[in-house]
Amino acid sequence: MSGRRIVITSGKGGVGKTTTTANLGAALAKRGARVILVDADIGLRNLDLVLGLEKRIVFDVVEVAEGRCQLRQALIKDKRFESLSILPAAQTRDKDAITEQQFAAIVEQAAEQADYVLIDCPAGIEAGFRNAIAGASEAIVVTTPEVSAIRDADRVVGKLNDKKIPIRLIVNRLRPAMVKSGDMLSVDDVCEILSVELLGIVPDDEEIIDTTNRGEPIVLDESAKLRTIYEKIARRMEGEVVPFTNFDSQGLFGRLFGALKAG
Amino acid sequence: MIEWLKRMLGPQTSSSTAKERLRLVLMTDHLALAPEIIENMKRDLVDVISRYVEVDREKVEIDFEREDRALAMMASIPIIAVNRPTGGGGSHDEKPAKPEAAPPAASATPSTASPSVNAATEPPKRRRRKKQPSSKPATAH
Ligand SMILES: Nc1ncnc2c1ncn2[C@@H]1O[C@H](COP(=O)(O)OP(=O)(O)O)[C@@H](O)[C@H]1O
Ligand SMILES: [Mg+2]
């Protein structure tokens with residue numbers, strides 16, 4: 006049976022797509038799933054760097070598309086896991102160096118040998134976006150609780166709806182204290198505005214910067230607070246019902262009793 | 005205690021302002037992205053109003069304006085002719101209100117009589133882009 010093909014997208018840049026792809030991929034692989042991460046950000050290769058695999062790249066996705074190498078030759082195995090590999094983006098090519106059909110075919114081929122293919126989408130809603138969603142059967146939309154990120158996410162949600170691709174939402178960089186004081190949109194607000202089902206909430210935390218600096222997935226850092234956050238999201242992706250702890254407070258009641266939650 | 009009382013009663017928090025602004029801008033975005041919705045709405049609107057008065061279909065205009073806390077729809081629907089009220093009993097007349105003849109020269113100022121329908125939209129609860137059937141030509145039947 007062929008694996009799930011999930012695009013991780015946002016519209017706006019810098020909201021955490023690559024961070025999410027890397028850490029969710031690692032979390033799923035740690036649970037024993039076979040995972041292939043595809044960097045669709047042609048020209049702005051990053052996923053390899055976030056995972057600390059940048060020195061091992063030989064081929065890239067465009068070379069696979071052009072038939073200059075086999076998919077398996079281009080896949081870089083992350084030796085810290087049983088079965089996690091990445092297919093790097095081309096760094097020195099244009100976004101139009103690859104077509105939607107080529108991209109979809111590669112994703113499909115990857116899905117034949119994996120339980121999950123996670124596609125790290127570039128920012129925007131142009132060609133790069135269309136390539137990244139071409140082979141996807143599900144989507145995770147990442148947004149931060151800010152007006153511009155949410156507006157862009159809404160555009161992407163519309164485009165995915167048009168393609169009938171089911172969507173779940175990750176709210177990234179949440180700052181519970183700011184939500185509590187009424188200075189940041191709550192997760193409930195964001196879900197209501199976008200009318201999308203919630204998959205996960207990731208707080209804004211320096212741990213991300215620290216682990217990214219070192220090229221280390223959070224789930225391998227036993228002391229990291231965010232480790233359980235990504236593990237919970239991975240479990241939800243696998244179909245488990247994992248309750249959201251009371252994180253963001255909402256409305257009058259929430260503001261009065263302001264319970265803190267994470268998940 | 006005082007702090008949150010102030011917050012409850014005091015001015016809007018920036019997050020509620022953000023929510024309000026987003027709600028409006030997304031409604032505007034969605035309308036701009038779905039011209040067929042506006043066309044269909046225009047047609048249906050004119051169909052309903054034509055049951056009572058004769059309107060100039062060609063000159064119907066629909067606009068959306070952002071007001072303080074809502075999106076308002078402004079429809080300008082020029083009326084060409086109004087039927088003479090029949091009978092004083094106030095009984096509802098069922099027959100289609102198509103005027104028997106073209107309006108006499110006396111009522112030759114159609115487009116100046118443009119009452120505006122001003123409908124503030126309610127925040128949609130679970131709206132989503134349920135694909136509208138592709139817009140049909142705006143013909144009256
Ligand atoms: N939850 C978080 N807390 C703190 N920093 C984060 C978080 N998520 C992402 N970042 C930081 O935000 C920046 C952009 O993230 P990235 O994943 O590259 O975004 P994108 O791929 O959407 O452009 C990076 O510097 C990353 O370390
Ligand atoms: Mg990125």
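Protein chains in written order, with this note's numbering: chain C, 6 to 268; chain S, 5 to 145.
Glycine included, each C-beta is placed from N, C-alpha and C at the ideal position.
Reference residue i, options the options, closest by Cα
i         : options                                    : result
SER15(C)  : LYS169(C), PRO150(C), ALA239(C), PRO208(C) : PRO150(C)
THR23(C)  : ILE47(C), MET6(C), ARG9(C)                 : ILE47(C)
GLN118(C) : ALA158(C), ILE91(C), ILE130(C), VAL12(C)   : ILE91(C)
VAL3(C)   : ALA158(C), LEU225(C), LYS230(C), ARG178(C) : Chain C is shown from 6 up to 268; residue 3(C) falls before or after that span and cannot be answered.
LEU35(S)  : LYS23(S), ILE66(S), VAL50(S), SER18(S)     : ILE66(S)
LEU179(C) : ALA154(C), ILE170(C), LEU80(C), ASN166(C)  : ALA154(C)
VAL161(C) : MET183(C), SER142(C), ILE138(C), PRO181(C) : ILE138(C)
ARG47(S)  : LEU26(S), THR17(S), PHE68(S), ILE81(S)     : ILE81(S)
ILE13(C)  : ALA38(C), ALA110(C), CYS126(C)             : CYS126(C)
GLY72(C)  : ILE111(C), ARG156(C), MET183(C)            : ILE111(C)
LYS168(C) : ALA182(C), VAL247(C), PHE64(C), PHE134(C)  : PHE134(C)
GLU4(C)   : ILE11(C), VAL247(C), LYS35(C), PRO181(C)   : Lying before the first or after the last residue shown, residue 4(C) is absent from chain C, which here runs from 6 to 268.
VAL224(C) : ARG10(C), LEU80(C), PHE86(C)               : PHE86(C)
GLY45(C)  : GLY37(C), LEU231(C), GLY140(C)             : Correcting the residue identity first, residue 45(C) is Ala in this sequence and not Gly. Comparing Cα positions, the closest option is GLY140(C).
ARG88(S)  : ALA74(S), GLU62(S), VAL57(S)               : VAL57(S)
ARG98(C)  : VAL67(C), THR104(C), TYR121(C), SER142(C)  : VAL67(C)
LEU165(C) : ALA182(C), TYR121(C), ILE145(C), VAL247(C) : ILE145(C)
ALA79(S)  : VAL50(S), VAL86(S), SER54(S), ARG55(S)     : VAL50(S)
SER18(S)  : ASP209(C), SER191(C), ARG240(C)            : SER191(C)
ASN28(C)  : MET183(C), LEU203(C), LEU89(C)             : LEU89(C)
ASP120(C) : LEU42(C), ALA102(C), VAL184(C), CYS196(C)  : LEU42(C)
GLY21(C)  : ILE103(C), LEU174(C), LYS82(C)             : LEU174(C)
With 16 other Cβ atoms within 10 Å as the buried cut-off, status of residue i
i         : result
GLN78(C)  : exposed
ALA110(S) : Because the pLDDT at ALA110(S) is just 37, under 50, the model does not fix this residue reliably, and the value given afterwards should be weighed accordingly. Label assigned to ALA110(S): exposed.
VAL176(C) : buried
THR216(C) : buried
MET242(C) : buried
ASP188(C) : exposed
THR90(S)  : exposed
CYS74(C)  : exposed
PRO222(C) : buried
LYS129(S) : At LYS129(S) the pLDDT is 42, less than 50, meaning the model places this residue with poor confidence and gives no usable figure here.
GLN16(S)  : exposed
GLY205(C) : buried
MET274(C) : An answer regarding residue 274(C) cannot be provided, because it is not within the stretch 6 to 268 covered by chain C.
MET77(S)  : buried
ASN136(C) : buried
ASP194(C) : buried
PRO171(C) : exposed
ASP72(S)  : exposed
ARG219(C) : exposed
GLY8(C)   : buried
VAL147(C) : buried
PRO181(C) : buried
SER20(S)  : exposed
PRO208(C) : buried
LEU37(S)  : exposed
THR63(C)  : Looking at the sequence itself, residue 63(C) is Val, so the reference to Thr does not match. It is exposed - the Cβ of VAL63(C) has fewer than 16 other Cβ atoms within 10 Å.
LYS23(S)  : buried
GLU236(C) : buried
VAL184(C) : buried
Neighbour flag for residue i against chain A, beta carbons, 8 Å
i         : result
GLY163(C) : Although the question refers to chain A, the structure presented lacks it and instead comprises the protein chains C and S.
Nearest-angstrom Cβ-Cβ length linking residue i and residue j, presumed shorter than 8 Å
i         : j         : result
GLN96(C)  : ARG50(C)  : 4 Å
LEU123(C) : VAL55(C)  : About 13 Å separates the two Cβ atoms, so there is no contact after all.
ILE84(S)  : ASP60(S)  : 5 Å
ILE70(C)  : GLN107(C) : The question names Ile, but residue 70(C) in the sequence shown is Ala. Rounded, the Cβ-Cβ distance is 4 Å, consistent with contact.
ILE238(C) : ALA32(C)  : 7 Å
ALA128(C) : GLY18(C)  : 3 Å
LEU52(C)  : THR25(C)  : Not quite, the Cβ-Cβ distance comes to about 11 Å (not below 8 Å), so this is no contact.
ASP65(C)  : ALA94(C)  : 6 Å
LEU28(S)  : VAL152(C) : Contact flag wrong, Cβ pair sits at about 11 Å.
ILE214(C) : LEU231(C) : Rounded, the Cβ-Cβ distance is 11 Å, inconsistent with contact.
ALA116(C) : ARG10(C)  : 5 Å
ALA132(C) : LYS84(C)  : The pair is not a contact, with the Cβ atoms about 34 Å apart (cut-off 8 Å).
MET31(S)  : LEU75(S)  : 5 Å
Worksheet entry | Contact residues within the segment 188 to 219 of chain C, judged by C-beta distance below 8 Å to chain S | ASP188, MET189, LEU190, SER191, ASP194, ILE198, SER200
Discussion item. Taking beta-carbon pairs under 7 Å, can you tell me which members of the segment 133 to 152 of chain C lie near chain S?
Written reply: VAL152
Practice prompt. Could you run through the segment 32 to 51 of chain S and flag, in chain order, every residue whose CB is less than 8 Å away from some CB of chain C?
Written response: ASP33, HIS34, LEU37
Worksheet item: Between the segment 78 to 100 of chain C and chain S, which residues of the former have a C-beta closer than 7 Å to a C-beta of the latter?
Response: none
Worksheet item: Going along the segment 74 to 88 of chain S in order, which residues come within less than 7 Å of chain C, judged by CB to CB distance?
Response: none
Worksheet item: According to a CB-to-CB cut-off of less than 8 Å, which residues of the segment 17 to 33 of chain S neighbour chain C?
Response: THR17, SER18, SER19, SER20, ALA22, LYS23, ARG25, LEU26, ARG27, VAL29, LEU30, ASP33
Item to complete: Check each residue of the segment 111 to 135 of chain C: if its Cβ is closer than 9 Å to any Cβ of chain S, include it; give the result in chain order.
Response: none
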